[in-house]
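Asker:
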Amino acid sequence: MNDTPGWTSPGSAPSDGPDGPDGSRIPGPSAPADANGSAQWSKDQPPAGQWSPPTDRTPPPGPGPNWGTPPPNVNWGRPPAAKPGIIPLRPLGMGEILDGAVKTLRTYWRTVLAITVTVAVISQIANILAERYLVPAAPELNADATPAEQLEQSLEAAQSSLIGLGPALLVTMMASMVSAALLTVVISRAVLGRPVSLGSAWQEARPRLLQLVGLTLLIAVMASAIVAVGLLPGLLIGGAPGVALTLLGGLGAIVASVWLVIRFSLASPALMLERRGVVQSLKRSVKLVQGSWWRIFGITVLTQLLIFLFAMIIAIPFTVIGFAVDGESFTNLLAGTATTFGWPFLIVTGIGSVITSAITYPISAGVTVLLYVDQRIRREALDLELARAAGLPGYGATPGTDTAGG
């Protein structure tokens, strides 16, 4: 038995290492032996405790610039949203709402254009007839009249024009409401990826038309009342203070009217798709818009701005063509003696208006309906109900659910 502390391999030579703390020898490394038992270690050995690793080792490469970035088109931990129709069933961005409205026009163009072209033609015929036969001729301005008298004459001419265009404006408003009602049904089916014919859209929208008319008139009356209340004090006072008060009151009335219109902007889809009454639809819109007023306002204003720019792009060439065809109207306009435009000019510009309306009507209606769907997805998880209504696997089924209102 070896009583030397430490551990040595069998057959090794006695250790010649340094002394331990208790005076004993610490065993050192044993030298390998050959067949004759002689040591084979080289004589050129480094001193004990002075060995250092090689200095020419190349460190391993570090992480690259895309280290930890998931591969493209991979959505870790979040399955892709179902998309049975024109939009994905999840909260939508502004671009997706506009794209959904355009995609409805592109995918269901037969039904959409059948609605919008019919409405646009009826509206333009009413406008042309009213402008040709109902609008009174503009009175000639007296060159010797004072600025106040010229302003009064201009206001009288504008009032006469509005009175003459009243029937045409009424026809246009009714046609626009019918178009909005039918397009709401088409877009709600497009969300589910289901086509709809003009006949079925009319059959579904017809029972709600009278309530939609009442809703539209009620919102218009409330906005007009706000404007009248804002302008009335300044008009009653008169003079310079009255003018200043009229300007301030008019500005405040416009702001209040815009706030009211946006607050009630989702009432029409709620009435058509949820089959609610007029008052219930207004309350429903207030609930859906609450907390998202600025977002809905921004999307609505941007949509109307795009529609206006598109209308100008179409209207300007047709106006130039109209004046080129009807040279007499252009000459009278330059001379300041034009009272009414001729038939060629009215027909050419009317064709341009029909083209503009046929394309802008579904965009405007589509944005409104998709804003309504988006708000319900964000607040009420409508995406699950829409997926069930579309019959997607894994969501169950909701028999008889055909529209976004369920």
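Each residue of the sequence shown is one higher than the one before, starting from -3 at the first, in my numbering.
Idealized CB from N, CA, C, for every residue including glycine.
1. Within the continuous alpha helix (DSSP H) that includes glutamine 286, where are the two ends?
2. Please go through the same chain and pick out, in chain order, the residues whose beta-carbon is closer than 8 Å to the beta-carbon of serine 261, but skip the five residues on each side of it.
3. So what does DSSP say about leucine 262, is it helix, strand or coil?
4. Do you know how far the Cα of alanine 249 is from the Cα of valine 223?
5. To the nearest angstrom, how far is it from the Cα of arginine 375 to the Cα of leucine 85?
6. Compare the C-alpha of alanine 126 against each of Val217, Leu243, Gly346, Ala77 and name the closest.
7. Between which two residues does the alpha helix (DSSP H) holding glutamate 127 run?
8. Check for me: the alpha helix (DSSP H) holding serine 353 runs from which residue to which?
9. In this structure, how does DSSP classify isoleucine 83 when only helix, strand and coil are distinguished?
10. Tell me, please, whether the CB atom of threonine 107 is closer than 7 Å to any CB atom in chain D?
11. Which of the three DSSP states, helix, strand or coil, is assigned to alanine 77?
12. Among Lys79, Gly91, Ile124, Thr242, whose alpha-carbon lies nearest the alpha-carbon of leucine 342?
13. Which word fits valine 369, buried or exposed, when buried means at least 16 other C-beta atoms lie within 10 angstroms of its C-beta?
14. Between the C-alpha atoms of alanine 320 and proline 340, what's the straight-line distance to the nearest angstrom?
15. May I have the straight-line CA-CA distance separating alanine 201 from valine 182, to the nearest angstrom?
16. Given a threshold of 16 other Cβ atoms within 10 Å of its Cβ, counted over all protein chains shown, does glycine 390 qualify as buried or as exposed?
17. Can you give me the Cβ contacts of isoleucine 351 inside the same chain, cut-off strictly under 7 Å, excluding the 5 residues immediately before and after it?
18. State the Cα-Cα distance for the pair leucine 382 and valine 108, rounded to the nearest angstrom.
19. Could you have a look at alanine 249 and say whether DSSP puts it in helix, strand or coil?
20. What separation, rounded to the nearest whole angstrom, lies between the Cα atoms of glutamine 207 and methionine 173?
21. If you draw a straight line from the alpha carbon of leucine 227 to that of serine 277, how long is it in whole angstroms?
22. Taking just the CA atoms, how far does valine 251 sit from threonine 242?
23. In terms of residue numbering, what span does the alpha helix (DSSP H) encompassing serine 196 cover?
24. Buried or exposed for alanine 197, going by 16 or more other Cβ atoms inside 10 Å?
25. Between the Cα of serine 119 and the Cα atoms of Ile93, Met169, Tyr104, which residue gives the shortest distance?
26. Sorted by chain position, which residues of the same chain lie with C-beta nearer than 7 Å to glycine 189's C-beta, five sequence neighbours on each side aside?
27. Going by the CB atoms, is the gap between glycine 238 and glycine 230 shorter than 7 Å?
28. Identify, in the order they occur along the chain, each residue of the same chain with its Cβ nearer than 7 Å to the Cβ of threonine 112, setting aside the five sequence neighbours on each side.
29. In whole angstroms, what separates the C-alpha of glycine 348 from that of phenylalanine 314?
30. Distance, Cα to Cα, lysine 99 vs alanine 361?
31. Leaving out five residues before and five after valine 274 in sequence, what residues of the same chain have Cβ atoms less than 6 Å from its Cβ?
32. Taking glycine 96 as the reference, which of Val225, Leu388, Ser253, Thr299 has the closest Cα?
33. Looking at the secondary structure, which residues open and close the alpha helix (DSSP H) in which glycine 210 lies?
34. Mapping DSSP to helix, strand and coil, what is arginine 190?
Answerer: Quick answer:
1. Sequence index remark: in the sequence shown, residue 286 carries index 290 (1-based). Here glutamine 286 belongs to no alpha helix (DSSP H), and DSSP marks it neither H nor E.
2. For the purposes of this step, residue 261 is taken as residue 265 along the sequence shown, with counting starting at 1. Listed in chain order, the non-local C-beta contacts of serine 261 below 8 Å within the same chain comprise Ser281, Val285, Ile292, Thr296, Thr364, Leu367, local neighbours out to five positions each way being set aside.
3. The residue labelled residue 262 in the question sits at position 266 within the sequence shown. Here DSSP, grouped into helix, strand and coil, assigns leucine 262 to coil.
4. What you label residue 223 is simply residue 227 of the sequence shown in a count that begins at 1. What you label residue 249 is simply residue 253 of the sequence shown in a count that begins at 1. Valine 223 and alanine 249: Cα-Cα distance of roughly 5 Å.
5. On the sequence shown, position 379 is the one that residue 375 refers to. On the sequence shown, position 89 is the one that residue 85 refers to. Rounded to the nearest whole angstrom, the CA to CA distance from arginine 375 to leucine 85 is 13 Å.
6. Looking up residue 126 in the sequence shown gives position 130. The shortest CA-to-CA distance from alanine 126 to any of Val217, Leu243, Gly346, Ala77 is the one to Gly346.
7. Here residue 127 is taken as the residue at index 131 of the sequence shown, counted from 1. No residue range can be given for glutamate 127, since it is assigned to no alpha helix (DSSP H) and is classified by DSSP as neither H nor E.
8. In the sequence shown, residue 353 corresponds to position 357, counting from 1. 339 to 376 is the extent of the alpha helix (DSSP H) around serine 353.
9. Looking up residue 83 in the sequence shown gives position 87. The answer is coil: DSSP assigns isoleucine 83 none of H, G, I, E or B.
10. Structure shown: chain D not included; a single protein chain is present.
11. As a working note, residue 77 is residue 81 in the sequence shown. Alanine 77: coil per DSSP, three-state reduction.
12. Locating residue 342 in the sequence shown gives position 346, counting from the first residue. Ranking the options by Cα distance to leucine 342, first place goes to Ile124.
13. As a working note, residue 369 is residue 373 in the sequence shown. Classification of valine 369: buried, given that the 10 Å Cβ count is 16 or more.
14. Within the sequence shown, the letter at position 324 stands for residue 320. Within the sequence shown, the letter at position 344 stands for residue 340. The straight-line gap from Cα to Cα measures roughly 10 Å.
15. Here residue 201 is taken as the residue at index 205 of the sequence shown, counted from 1. Here residue 182 is taken as the residue at index 186 of the sequence shown, counted from 1. Taking the straight line from one Cα to the other gives about 10 Å.
16. For the purposes of this step, residue 390 is taken as the residue at position 394 of the sequence shown. Under this definition glycine 390 is an exposed residue.
17. Position 355 of the sequence shown, counted from the first residue, corresponds to residue 351. If we look at isoleucine 351 and ignore the five residues flanking it on each side, its Cβ neighbours are Ile310.
18. The residue given as residue 382 occupies position 386 in the sequence shown. The residue given as residue 108 occupies position 112 in the sequence shown. If you take the alpha carbons of leucine 382 and valine 108, they lie about 22 Å apart.
19. Within the sequence shown, the letter at position 253 stands for residue 249. The three-state secondary structure of alanine 249, taken from DSSP, is helix.
20. Against the sequence shown, residue 207 aligns to sequence position 211. Against the sequence shown, residue 173 aligns to sequence position 177. When rounded, the separation of the alpha-carbon atoms in glutamine 207 and methionine 173 is 11 Å.
21. Locating residue 227 in the sequence shown gives position 231, where the first residue counts as 1. Locating residue 277 in the sequence shown gives position 281, where the first residue counts as 1. For leucine 227 and serine 277, the distance between alpha carbons rounds to 29 Å.
22. As a working mapping, residue 242 is identified with position 246 in the sequence shown. As a working mapping, residue 251 is identified with position 255 in the sequence shown. Each residue's alpha carbon lies about 14 Å from the other.
23. Counting from one through the sequence shown, the residue named residue 196 turns up at place 200. First-last of the alpha helix (DSSP H) with serine 196: 194 to 201.
24. Here the question's residue 197 lines up with position 201 in the sequence shown. Residue burial is scored here from C-beta neighbours: alanine 197 has at least 16 other C-beta atoms within 10 angstroms and is therefore classed as buried.
25. For the purposes of this step, residue 119 is identified with residue 123 of the sequence shown, where counting begins at 1. Relative to serine 119, the option among Ile93, Met169, Tyr104 whose CA is nearest is Met169.
26. As a position in the sequence shown, residue 189 is number 193, starting the count at 1. Here the set comprises Pro80, Gly81, Ala386.
27. What you label residue 230 is simply residue 234 of the sequence shown in a count that begins at 1. What you label residue 238 is simply residue 242 of the sequence shown in a count that begins at 1. Yes; because the gap between Cβ atoms is below 7 Å, this pair is in contact.
28. By one-based count along the sequence shown, residue 112 stands at place 116. Excluding residues within five positions, the ones whose Cβ falls inside 7 Å are Ser175, Ser353, Ala354, Tyr357, Pro358.
29. Here the question's residue 348 lines up with position 352 in the sequence shown. Here the question's residue 314 lines up with position 318 in the sequence shown. Taking the straight line from one Cα to the other gives about 6 Å.
30. Taking the first residue of the sequence shown as 1, we reach residue 99 at position 103. Taking the first residue of the sequence shown as 1, we reach residue 361 at position 365. Approximately 13 Å between the Cα atoms of the pair.
31. The sequence position of residue 274 within the sequence shown is 278, counting from 1. Only Gln207, Gly210, Leu211 meet the Cβ criterion.
32. In the sequence shown, counting from the first residue as 1, residue 96 sits at position 100. For glycine 96, the closest alpha carbon among the candidates Val225, Leu388, Ser253, Thr299 is that of Thr299.
33. Taking the sequence shown and counting its residues from 1, one reaches residue 210 at position 214. Per DSSP, glycine 210 belongs to the alpha helix (DSSP H) from 205 to 233.
34. Within the sequence shown, the letter at position 194 stands for residue 190. Reduced to three states, the DSSP call for arginine 190 is coil.
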